Structures are given as structure tokens and as C-alpha cells.
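Accompanying notes for the structure given below.
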Amino acid sequence: MSLARTGVLVALLLSTTACAAQRGSPGALPDIQPGRRPDLETEEAGLWMQTDRLEADLKTSGALVADSALNAYVRNIVCRLAEAYCADIRIYILRVPYFNASMMPNGVMQVWTGLILRVDNEAQLAYVLGHELGHYLRRHSIQRWRDVRAKSAFLEFSGLLTAPTGFGPLASLGAQLALVGSIFAFSRDNEREADELGFGLAVKAGYDPREASKVWEALVEERDATKDSAPFIFFATHPAPEERIENLKAFAKKSALDGGHAIIGREQFLAQTRPLRTMLLRDELRRREFTGSQVVLDRLFEAGTGLGELYFFQGELYRLRDNEGDREKTTAAYQKALEYGDAPVETHRALGLLFFKTGEKEKARLAFERYLQQRVNAEDREMIEAYLRQLE
Ligand SMILES: [Zn+2]
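If you count the sequence shown from 1, position 37 lands on 38 in my numbering, and the numbers rise without skipping.
As C-alpha cells, this is what we get:
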């Protein structure tokens, strides 16, 4: 991630303000009107100007996913949810392998790729985006800003921005955000309000209300498997998801919409996200949180799309984890991948390298040759040919 970490953190911290107002804080404000910016002399305008600067940093961060089809797709969903505000919301899809979406007061919505990998269908995505829109419409940021500024916690808050850490950028991002989460008490009221408003928007747009709670259920499953909530940025900046799951289920029950006619949008979602999945899975494994990644992979296996690719990444997970017995599992997973037409070409190279290491020369040679046949312009052709010469 080439975005300066501090820049990301500032952006994130400001966006977490959207989810953090104190319970019972005074000053619930009227909803923001479409096309409106706050009056120049107001405090809210100052907050917007600060986030405008962050937006400029985001644009040049190098962390944005450029894929125009995906950007248009997410934008379309947002516009469907809140048509009148469509022109006021700018969407930034960031290549960060953690589950997160956030909203800045000036209409900047961030969606991280870790979220896209963890969502099953368009309806689930729509319910998350609806929640973030809820924070924007209700102007939760300015409520929270006033609250934070009035507290000494703000100093600790600022100190976090420059705190050195001994982890890689992604790990430290998670750790620092967990710290931020521990400093702030999150308002159940604002979260519930954003959930309720977002839910209403998504139902009105025709999305199946039963999908709303599933995103959080999946995250809880992942969190419970890892027994370590530090990487769960969304949990660090939001209250525990159990209550949200219950609320959303209750909303769904009450919803008059007939689920049978509601949009789930699995096909549309896959059409837009599937081409990027190889990149997202590679990023996911870079986290080196193998237990959590296994939960994510298991869910993708269950959905059953692109099994060759999934078995390849299952093999990659075993190879990188390198526990006892993982080498055999790696080989088996790569071989399984090749039973499907959509295994990445690298599967052959990966198998070749494995067999090369274990001294299974003939198998290594075959695998390397297949790799070079299938990827005629392979960048690493010279290296693979060097391996092949050693196998003669
Ligand atoms: Zn929120």
C-alpha cells in the first residue's frame, strides 16, 4: 500500500467519527439536504474542508482500485439507495485487505477491498453502503466532532497519528485502529440510527432484507475463529455486531417486502467482482492471518464459484503457513486446482517449484514445461528455464 500510513490513519480516524458519537449526545441535527455544503462560517464547513484535503490525498494515494466497471457498479448501488444524494457522494475503493467501509462528512465514502471479498452478493453490499449513507444523511460526523473536541481524549487521538509501531503497515493499521476503538465509546444510538436508515434505503431499493444481517454474521464467524479482534477494524470502530445482527433480523421480520421478489444480485455482484478476485485473494493472504483467511476461503468454496482459483489459493495458504504437514496439503490443493479449467497458470509453476524442492525431477519438469507453454510471455521465463536446465 503506497498511501502514507499517517494519511490513511487521519482519513480513517475522521471517518470513524461518523460511527462514534456519544450515547445521548445532544444536538441531533436535521438531515443534510441534497447538493448542500455547510455555510462557510460554520464549524461543520471547517470539518468538511479538512476532509476535502484528505480526499485529495486519497486521490493520489496509489491505493485506489482503478477498475472502472467496479467503481461504476458500486456508484450505481449508492445512487439507487439515495438517488437525490447521488451527486454528493464520492466513492473510493481502496485496495486494503480488511473489512471496512466508512463515510467522511463531506461525502467521501471509502470501501475497502477486504469488504468486497467478504460479501456474497449485491444486497449485502447495499446494506453496508446504506448504513454508511445513514451516517452522512444524519450528519453524525459533526455531532461526534463536537464531542471529541471537547474532550482530552482528542490529544490521545492525535498522538496516535504519529505513534511508531514495529509492525508492517497493515498490521499496525489494525493495531492502531483497535487502540482508537478502545479510546472511544461508540454510540449505539447513532449506529442503530444508521442501521435503521440504511436498512430502509436498501429495502426501498428492492434489496432482500434477509441479507442485511448476513454480512455481520460472517464477520462474527471469522472473528470467533481467529480469537483475535485486532485485525477487525470495523469492530474497532463499531460496537459489537451481535446487537446489530439482532436488530437487522428484527427489521427484516417487520419489513413488509416479500423476500421472494427482493433483489439478492448474486450474478451481478460476481460479474463485477470476480475479475478482481485473484488480486483480492493474493492481498488477503498477505495479511498472514491464516485462520481468518481460511474462514473466508471456506465461505467462497461454499458459494462454489471459480473452484480452480480457490484450490490454488488454498494451496497458497498452506504453503505460506508452512505448518507440519502443510507441504503435502499444498501439493494436493494445487493438483486439485488443476482439475478445474479456471486454475491460474501459476499453479503449474507453484507445483514445479514444490517438486523441484522435494527432488521429484520428472514431475517438476512437467509442471514447469506446462507453465511455459501456457504463459508464452512469462516474465520469469529465464528463471524457469534455469530450473529446467538443472533438471536435465
Ligand atoms: Zn457506523
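By construction, the Cβ of each residue, glycine as well, lies at the ideal position given by its N, Cα and C atoms. Note that the structure is predicted; figures quoted are calculated from it, not measured.
Buried/exposed call for Ala284, threshold 16 Cβ in 10 Å: According to the sequence displayed, residue 284 carries Asp and not Ala. Answer is buried; the Cβ neighbour count reaches 16.
Buried or exposed (CB count within 10 angstroms, at least 16 for buried), Ser142: It counts as buried.
Other residues of its chain near Phe314: CB distance less than 6 Å, five sequence neighbours each side excluded: Listed in chain order, the non-local C-beta contacts of Phe314 below 6 Å within the same chain comprise Leu282, local neighbours out to five positions each way being set aside.
Supposed close pair Ala307, Arg287 - CB separation, criterion 8 Å: What sits at residue 307 in the sequence shown is Gly, not Ala. Actually they are not in contact, since the Cβ atoms of Gly307 and Arg287 sit about 20 Å apart, beyond 8 Å.
Short Cβ contact (7 Å threshold) for Lys330 with Tyr312: No, Cβ-Cβ distance for Lys330 and Tyr312 is not below 7 Å.
Val112 - containing beta strand (DSSP E), residue span: Start and end: Val109 to Trp113.
Rounded C-alpha distance that separates Glu42 from Asn107: Whole-angstrom Cα-Cα distance: 16 Å.
Helix, strand or coil at Arg96 according to DSSP, with G and I counted as helix: In the structure shown, Arg96 sits in coil (DSSP, three-state: anything other than H, G, I, E or B).
Complete alpha helix (DSSP H) runs within the region 267 to 327 (minimum length 4 residues, chain order): Scanning the region 267 to 327 from its first residue to its last, the whole alpha helix (DSSP H) runs of 4-plus residues come out as 267 to 274, 278 to 287, 291 to 304 and 308 to 322.
At least three beta-carbon pairs within less than 8 Å, the region 54 to 64 to the region 262 to 277: Not touching, per the Cβ criterion.
Heavy atom of ligand 1 within 6 Å of Ala195 beta-carbon: Because some heavy atom of ligand 1 lies under 6 Å away, the Cβ of Ala195 counts as near it: yes.
Candidates Leu59, Asp32 and Phe369: closest to Arg381 by CA position: In the sequence on display, residue 381 carries Asp and not Arg. Among Leu59, Asp32 and Phe369, the Cα nearest to that of Asp381 is on Phe369.
Residue span of the beta strand (DSSP E) that contains Ala379, given as start and end: Note, Ala379: premise wrong, no beta strand (DSSP E); not H, not E.
Assigned secondary structure, Arg139 (DSSP; H/G/I helix, E/B strand, else coil): Coil.
Presumed contact (8 Å Cβ cut-off) between Leu138 and Ile33, rounded CB distance: For Leu138 against Ile33, the beta-carbon gap comes to about 6 Å, under 8 Å, which counts as contact.
Length of the line joining the Cα atoms of Lys364 and Phe356: Roughly 6 Å between the two C-alpha positions.
Within 7 Å, strictly: CB atoms of Pro210 and Ala253: The answer is yes: Cβ separation under 7 Å.
Arg119 in three-state terms, based on DSSP: In this structure, Arg119 counts as coil in the three-state DSSP scheme.
Euclidean distance between Cα positions of Glu133 and Arg119: C-alpha separation (whole angstroms): 17 Å.
Counted within 10 angstroms of its Cβ, other Cβ atoms place Pro242 as buried (16 or more) or exposed: It counts as buried.
Close Cβ partners of Ala219 (< 7 Å) along its chain, the five nearest in sequence each way excluded: Non-local beta-carbon contacts of Ala219 in its own chain, meaning distances under 7 Å to residues more than five positions away in sequence, involve Arg119 and Arg300 in chain order.
Spatially closest choice to Glu194 from Gly131, Asp53, Met110 and Glu223, by CA coordinates: Minimum Cα distance to Glu194 is reached at Gly131.
Beta-carbon proximity check, Leu82 vs Leu202, cutoff 7 Å: Their beta carbons are under 7 Å apart, which means Leu82 touches Leu202 by this criterion.
Residues of its chain near Cys87, where Cβ-Cβ distance is below 6 Å and the 5 sequence neighbours each way are ignored: Within the same chain, Cys87 has close Cβ partners Cys80.
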